[in-house]
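Heads up, the numbering used here is the position in the sequence shown plus 301, with the first residue counted as 1.
What follows is a single structure, written as structure tokens, with notes after it.
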Amino acid sequence: ISTGAGDHFNAGFCLGKLIGADNEVALQLGVATSGYYVRTAKSPAPGDLVSFLETL
């Protein structure tokens with residue numbers, strides 16, 4: 302694995318900002334993206350991320 306949870310957090314946060322989310326939602330996306338990565342050791346596809354968020 303060449304990237305870690307921090308990289309995934311940054312990706313999720315940036316996604317949130319790119320879609321116009323406020324900081325709170327962007328932070329939630331960052332945490333969810335890194336959490337998914339830590340649990341599964343793979344980057345989430347958008348559908349995977351939605352499913353993961355629904356389980357929290």
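Every residue gets a Cβ at the ideal spot worked out from N, C-alpha and C, and that includes glycine.
Here the structure is a predicted model, which means the values were calculated and not measured.
Range of the contiguous alpha helix (DSSP H) that encloses residue i
| i | result |
| --- | --- |
| D367 | Since the first and last residues shown for the chain are 302 and 357, residue 367 lies out of range. |
| A342 | First-last for A342: undefined, no H or E at that position. |
| D308 | A306 to L319 |
Whole-number beta carbon distance between residue j and residue i, since they are thought to touch under 8 Å
| i | j | result |
| --- | --- | --- |
| A327 | G336 | With 8 Å as the limit, A327 and G336 do not qualify as a contact, their Cβ atoms being about 15 Å apart. |
Nearest to residue i (by Cα), restricted to the options the options
| i | options | result |
| --- | --- | --- |
| V351 | A306, D323 and G313 | G313 |
7 Å CB neighbourhood of residue i in its chain, flanking five on each side removed
| i | result |
| --- | --- |
| A333 | G313, L350, F353 and L354 |
| E325 | none |
| S344 | H309 and Y338 |
| L319 | none |
Cutoff 6 Å; reference residue i; Cβ partners in own chain excluding five residues on either side
| i | result |
| --- | --- |
| G331 | F310, G313 and F314 |
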